[in-house]
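Below is one structure; the comments refer to it alone.
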Amino acid sequence: MCGIIGFTGARDCAELLIRGLEQLEYRGYDSAGIAVAGADGFAVCKAVGRIANLREKLGAALPAGHTGIGHTRWATHGRPSEENCHPHLDEKGRVAVVHNGIIENYLALKARLEEAGVRFSSETDTEVVAQLLGYYYTGDMKQTLLKVLPMLEGSFALGVLDANAPDALYCARRHSPLLVGLGRGEQYIASDAAALIEHTREMITLEDGDIGVLTAAGAAIYGPDGAPRARAPMHVSWDAGAARKNGYPHFMLKEICEQPQALRDTLAHYVDLERLEIRREQMPFDRQQALALKELTIAACGTAYHAGMMGRALLENIAGVRARAEIASEYRYGPVILPGGGPDSAVFLAVSQSGETADTLAALRRAKGLGMRAIAFSNVIGASIAREADTVMYTLAGPEIAVASTKAYLTQVLLFEILALDLAHLRGRITGEALKQRLAQLAALPGQAQAVLNRKEMVLNFAKRNRACRDVFFIGRLTDYTTSLEAALKLKEVSYLHSEAYAAGELKHGTIALIDEETLVAAIATQPEILQKTYANMQEVKARGAYLLLIGTPGANLPEDCEVWPVEGVHPTLAPLLATIYAQLLAYYTALMHGCDIDKPRNLAKSVTVE
Ligand code: G6P
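Set out below in structure tokens:
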């Protein structure tokens with residue numbers, strides 16, 4: 328997502344900050360800015376678009392100053408603009424802040440400060456941090472941070488400058504990563520090692536609750552109680568390429584492993600997890616619109632289409648809303664029969680990670696042309712699909728760089744889950760109490776996703792053992808069938824192995840003829856009411872020689888000699904997400920065994936802007 332760089336030492340730092348931001352460009356961003364502490368306060372420069380624009384704005388005479396912070400912003404709260412771009416200052420210009428993460432209670436904090444007369448100049452959650460630090464400033468920034476940070480809910484990595492202490496750089500972390508780089512007579516902060524590696528390889532990874540006070544002389548780390556903490560530096564031996572991936576060998580694995588955070592960030596944007604309430608201001612339907620809704624048509628491409636299929640099932644099962652999932656390239660030319668009724672009866676929903684896919688955009692334009700209200704799920708703020716939709720719901724997965732979509736998919740399905748629960752409540756299908764229970768289950772999802780990721784060695788070992796496998800069939804029923812489609816797509820797109828998905832009950836009507844001893848059949852079975860049915864289909868293929876993998880819930884009558892990757896103790900509507908993580912890991916490790924170009928598979932593009 329966003330990128331942070333910070334410096335304090337004995338030399339002018341503006342050029343170093345910009346260089347650092349250039350090293351963070353790969354993370355994706357839409358605006359960038361720096362603040363340098365000088366004798367008369369801060370010199371601040373911000374620009375929308377590329378870092379080249381920031382350079383151009385700064386011109387040849389860079390601001391002088393030995394301490395500074397810089398930021399590349401990937402918009403989450405508020406559009407990409409100079410006002411919303413970091414660093415943010417308090418109204419007196421005494422404090423400058425750069426921030427990664429999300430301050431979940433920023434609206435409440437902002438209202439409190441506005442009541443006290445504080446004037447805000449941006450739409451961001453970050454500005455609240457700068458204003459709080461300015462408002463509660465004690466004359467000592469470390470003390471002020473100790474006072475203000477407990478007021479913040481959510482996640483943050485912060486770089487902070489204090490105009491009264493132009494030789495010190497402050498930082499803090501909760502849930503969002505931040506590194507402190509240790510140099511000779513100069514210290515740094517950065518959100519990942521890529522920005523630091525040309526200066527130092529000695530780095531401290533801040534832990535949750537840590538506050539850092541950096542000066543030319545060294546870095547002191549304190550806990551939330553204000554007492555010093557010993558944090559041993561690590562020596563980073565990665566080359567620059569590996570540093571951009573934060574030590575992961577591929578972006579795909581990095582993005583798979585980022586899913587707990589992506590789920591957490593997206594969830595926090597739409598749900599007040601403390602009160603277990605949906606944030607109504609983020610939702611596209613009010614009660615009247617929810618009651619008037621007769622049919623929701625979802626259109627998307629590729630992995631986003633599979634999210635749409637999952638969405639269809641969730642909307643029908645949870646909210647009782649009739650829904651259809653359409654491949655966007657088909658929808659744009661096929662017949663459309665509207666259900667009749669008022670303007671709120673037929674609603675269209677486009678799902679897109681990039682927000683730029685040509686077929687999805689064309690489908691949205693067609694739906695609007697037919698008079699439908701258009702909603703969009705987009706992972707990129709201000710993308711074409713987001714701009715043209717009447718209402719946007721953003722997934723907060725952060726930039727996805729690997730061509731094969733992983734974390735965007737999980738957050739798209741999560742959005743459908745939240746949307747379906749909200750509609751179910753508005754339409755009187757579930758009580759307020761039941762809604763709270765379901766939201767509490769959602770809150771547990773990031774931790775459950777992490778538990779699956781902790782078993783990745785198991786998937787790696789399986790991929791090693793099965794590297795000679797020729798064909799893979801994924802079978803499942805209902806939402807497990809949708810997960811099978813996504814699992815098969817993931818495997819074929821990155822490993823080039825032949826893989827197909829079948830509705831488990833359909834295989835015997837023809838395709839079972841292909842099953843032999845060299846076929847792996849991976850059954851996805853997470854839905855309690857149809858578990859035994861899928862087990863029975865597994866027996867059928869086992870009898871034809873296939874070897875078996877179960878991704879799901881083990882139980883009585885499961886065929887013997889079957890590898891099991893467990894999905895247990897999770898609500899059935901959420902279980903497919905955990906099964907998907909296993910499937911992503913299987914695709915990744917299989918591709919690794921085959922030596923494929925995992926992040927850029929042959930013939931594929933990340934953003935398909937042609938028909
Ligand atoms: C391309 C990508 C897929 C992606 C699809 C839809 O084909 O390779 O990974 O699922 O486009 O992209 P979107 O950005 O609209 O989600």
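According to the working numbering, the sequence shown holds residues 328 to 938 in order.
Each residue gets a CB set at the ideal place from its N, CA and C atoms; glycine is no exception.
(request) Kindly give me the distance between the Cβ atoms of A767 and L603, rounded to whole angstroms, as I take these residues to be in contact under 8 Å. (result) Mapped onto the sequence shown, residue 767 falls at position 440. Mapped onto the sequence shown, residue 603 falls at position 276. The beta-carbon distance between A767 and L603, rounded to whole angstroms, is 6 Å. This is short enough to meet the 8 Å contact definition.
(request) Can you say whether V937 is buried or exposed, counting buried as having 16 or more other CB atoms within 10 angstroms of its CB? (result) Taking the first residue of the sequence shown as position 1, residue 937 is located at position 610. Looking at its Cβ environment, which holds fewer than 16 other Cβ atoms inside 10 Å, V937 is exposed.
(request) Using the DSSP secondary-structure output, state which residues sit across from T394 in a beta bridge. (result) For the purposes of this step, residue 394 is identified with residue 67 of the sequence shown, where counting begins at 1. In the DSSP output, where bridge partners are listed per residue, T394 has T335, A364.
(request) Could you please give me the residues that DSSP links to V540 through a beta bridge? (result) As a first step, residue 540 must be located in the sequence shown, where it is residue number 213. For V540, DSSP records a beta bridge to Y497, A547.
(request) Please determine if the segment 606-615 and the segment 652-659 are in contact, where contact requires at least 3 C-beta pairs separated by less than 8 Å. (result) By the criterion of at least three beta-carbon pairs nearer than 8 Å, the segment 606-615 is not in contact with the segment 652-659.
(request) State the beta-bridge partners of H562 as determined by DSSP. (result) Counted from its first residue, the sequence shown places residue 562 at position 235. Bridge partners of H562: E529.
(request) Let me know the secondary structure DSSP gives F483 once reduced to three states. (result) Position 156 of the sequence shown, counting from 1, holds the residue named residue 483. Reduced to three states, the DSSP call for F483 is strand.
(message) Tell me the DSSP secondary structure of N326 in three-state form.
(response) What the structure shows of the chain is the stretch from 328 to 938, and residue 326 is not part of that stretch, so it cannot be assessed.
(message) Does the distance between the C-beta of S681 and the nearest non-hydrogen atom of the ligand G6P fall short of 8 Å?
(response) In the sequence shown, counting from the first residue as 1, residue 681 sits at position 354. The answer is yes for S681.
(message) So I908 and A918 are supposed to be a Cβ contact under 8 Å. How far apart are they, rounded?
(response) Locating residue 908 in the sequence shown gives position 581, where the first residue counts as 1. Locating residue 918 in the sequence shown gives position 591, where the first residue counts as 1. With a contact defined as Cβ atoms closer than 8 Å, I908 and A918 miss out at about 16 Å.
(request) Just list the alpha helix (DSSP H) runs in the segment 781-815, keeping only unbroken ones of 4 residues or longer that don't cross its boundaries, in chain order. (result) Within the segment 781-815, the complete alpha helix (DSSP H) runs of at least 4 residues fall at 783-792.
(request) Might you give, ordered along the chain, the residues of its own chain that have their beta carbon closer than 7 Å to the beta carbon of V719, omitting 5 neighbours on each side? (result) Numbered from its first residue, the sequence shown carries residue 719 at position 392. Spatial neighbours of V719 in its own chain (CB-CB distance under 7 Å, excluding positions within 5 residues in sequence) are listed in chain order as A703, S705, A713.
(request) Compute every distance between the C-beta of L931 and the non-hydrogen atoms of the ligand G6P, then say whether any falls below 8 Å. (result) As a position in the sequence shown, residue 931 is number 604, starting the count at 1. Result yes, Cβ under 8 Å from the ligand G6P.
(message) Can you tell me whether F447 is helix, strand or coil according to DSSP?
(response) Here residue 447 is taken as the residue at index 120 of the sequence shown, counted from 1. Looking at F447 - three-state DSSP - the assignment turns out to be coil, as it is neither helix nor strand.
(message) Whole angstroms are fine: how far does the CA of G397 sit from the CA of N491?
(response) Here residue 491 corresponds to residue number 164 of the sequence shown, with the count starting at 1. Here residue 397 corresponds to residue number 70 of the sequence shown, with the count starting at 1. Roughly 19 Å between the two C-alpha positions.
(message) Restricting to Cα atoms, I'd like to know which of H825, C372, E582 is closest to F738.
(response) Your numbering for residue 738 matches position 411 in the sequence shown. A quick correction: the sequence has Thr, not Phe, at residue 738. Distance from the Cα of T738 is smallest, within the candidate group H825, C372, E582, for E582.
(request) Between the Cα of A690 and those of Y658, W892, H413, H825, spot the shortest distance and give me the residue it belongs to. (result) For the purposes of this step, residue 690 is taken as residue 363 along the sequence shown, with counting starting at 1. Nearest C-alpha to A690: Y658.
(message) What does the alpha-carbon distance come out to for the pair D807 and H393?
(response) Numbered from 1 along the sequence shown, position 480 holds the residue referred to as residue 807. Numbered from 1 along the sequence shown, position 66 holds the residue referred to as residue 393. Spanning the two alpha carbons is a distance of roughly 57 Å.
(message) Per DSSP, what are the beta-bridge partners of H934 in this structure?
(response) The count along the sequence shown starts at 1 and reaches residue 934 at position 607. A quick correction: the sequence has Ser, not His, at residue 934. Looking at the DSSP assignment, S934 forms no beta bridge with any residue, so it has no partner.
(request) Measure the CB-CB distance between A681 and V648 and report whether it falls below 9 Å. (result) Working through the sequence shown from its first residue, we reach residue 681 at position 354. Working through the sequence shown from its first residue, we reach residue 648 at position 321. As written in the sequence, residue 681 is Ser, which differs from the Ala given in the question. Taking 9 Å as the cut-off, the beta carbon of S681 is found no closer than this to the beta carbon of V648.
(request) Just confirm the distance between the C-beta atoms of V848 and F800, as a whole number of angstroms; I'd bet it's less than 8 Å. (result) Counted from its first residue, the sequence shown places residue 848 at position 521. Counted from its first residue, the sequence shown places residue 800 at position 473. Sure, about 5 Å apart at Cβ, within 8 Å.
(request) Using 8 Å as the cut-off, classify the Cβ of G629 as near or not near the heavy atoms of the ligand G6P, replying yes or no. (result) Within the sequence shown, numbered from 1, the residue matching residue 629 stands at position 302. Distance from the C-beta of G629 to the nearest heavy atom of the ligand G6P is below 8 Å.
(message) Can you find the residues in the same chain that come closer than 8 Å, C-beta to C-beta, to W565, ignoring five residues on each side of it along the sequence?
(response) To locate residue 565, count along the sequence shown from 1; it is residue 238. For W565, where only same-chain residues beyond five positions count, the Cβ hits under 8 Å are A520, I524, G574.
(request) Decide if S732 is buried, meaning its Cβ has at least 16 other Cβ atoms within 10 Å, or exposed. (result) To locate residue 732, count along the sequence shown from 1; it is residue 405. S732 comes out buried.
(request) Look at the alpha carbon of R606 and the alpha carbon of N432, and state the distance between them as a whole number of angstroms. (result) As a first step, residue 606 must be located in the sequence shown, where it is residue number 279. As a first step, residue 432 must be located in the sequence shown, where it is residue number 105. So the alpha carbons of these two residues sit roughly 11 Å apart.
(request) Tell me whether the beta-carbon of W892 lies closer than 9 Å to the beta-carbon of G882. (result) Counting from 1 along the sequence shown, the entry for residue 892 is found at position 565. Counting from 1 along the sequence shown, the entry for residue 882 is found at position 555. W892 places its beta carbon 9 Å or farther from that of G882.
(message) So, at 6 Å on beta carbons, what are the nonlocal neighbours of T630 in its own chain, with the 5 sequence-adjacent residues on each side left out?
(response) In the sequence shown, counting from the first residue as 1, residue 630 sits at position 303. In its chain, beyond the 5 residues on either side, S732, Y736 have a beta carbon closer than 6 Å to the beta carbon of T630.
(request) Please name the residue, chosen from A830, T838, G355, R692, that lies closest to I851 on a Cα-to-Cα basis. (result) Here the question's residue 851 lines up with position 524 in the sequence shown. It is A830.
(request) Starting from the C-beta of L641, find all residues in its chain whose C-beta is less than 7 Å away, skip the five residues before and the five after it, and write them out in chain order. (result) Stepping through the sequence shown from its first residue, residue 641 is reached at position 314. These residues qualify, in order along the chain: F743, E744, A747, T900.
(request) Indicate the three-state DSSP secondary structure (helix, strand or coil) for F612 in the structure shown. (result) Position 285 of the sequence shown, counting from 1, holds the residue named residue 612. F612 falls in the coil class under three-state DSSP.
(message) Quick check on H898: does DSSP put it in helix, strand or coil?
(response) In the sequence shown, residue 898 corresponds to position 571, counting from 1. DSSP places H898 in the coil class of the three-state scheme, outside both helix and strand.
(message) I want to check one thing, is the minimum distance from the CB of V678 to the heavy atoms of the ligand G6P below 8 Å?
(response) As a first step, residue 678 must be located in the sequence shown, where it is residue number 351. V678: yes, Cβ under 8 Å from the ligand G6P.
(request) Report the option in G896, I664, P587 whose CA atom is closest to the CA atom of E622. (result) Stepping through the sequence shown from its first residue, residue 622 is reached at position 295. It is I664.
(request) Find out if the Cβ-Cβ distance for the pair D537, R591 is shorter than 9 Å. (result) As a first step, residue 537 is located in the sequence shown; it is residue number 210 there, counting from the start. As a first step, residue 591 is located in the sequence shown; it is residue number 264 there, counting from the start. R591 is positioned such that its CB atom lies no closer than 9 Å to that of D537.
(message) Taking the straight line between their C-alpha atoms, what separation do you get for R446 and E418?
(response) On the sequence shown, residue 446 is found 119 positions in, with the first residue counted as 1. On the sequence shown, residue 418 is found 91 positions in, with the first residue counted as 1. Rounded to the nearest angstrom, the two C-alpha atoms are 7 Å apart.
(message) I'd like to know if N411 contacts chain C, where contact means its C-beta is closer than 9 Å to some C-beta of that chain.
(response) Going by chain labels, chain C is absent from the structure shown, which holds only one protein chain.
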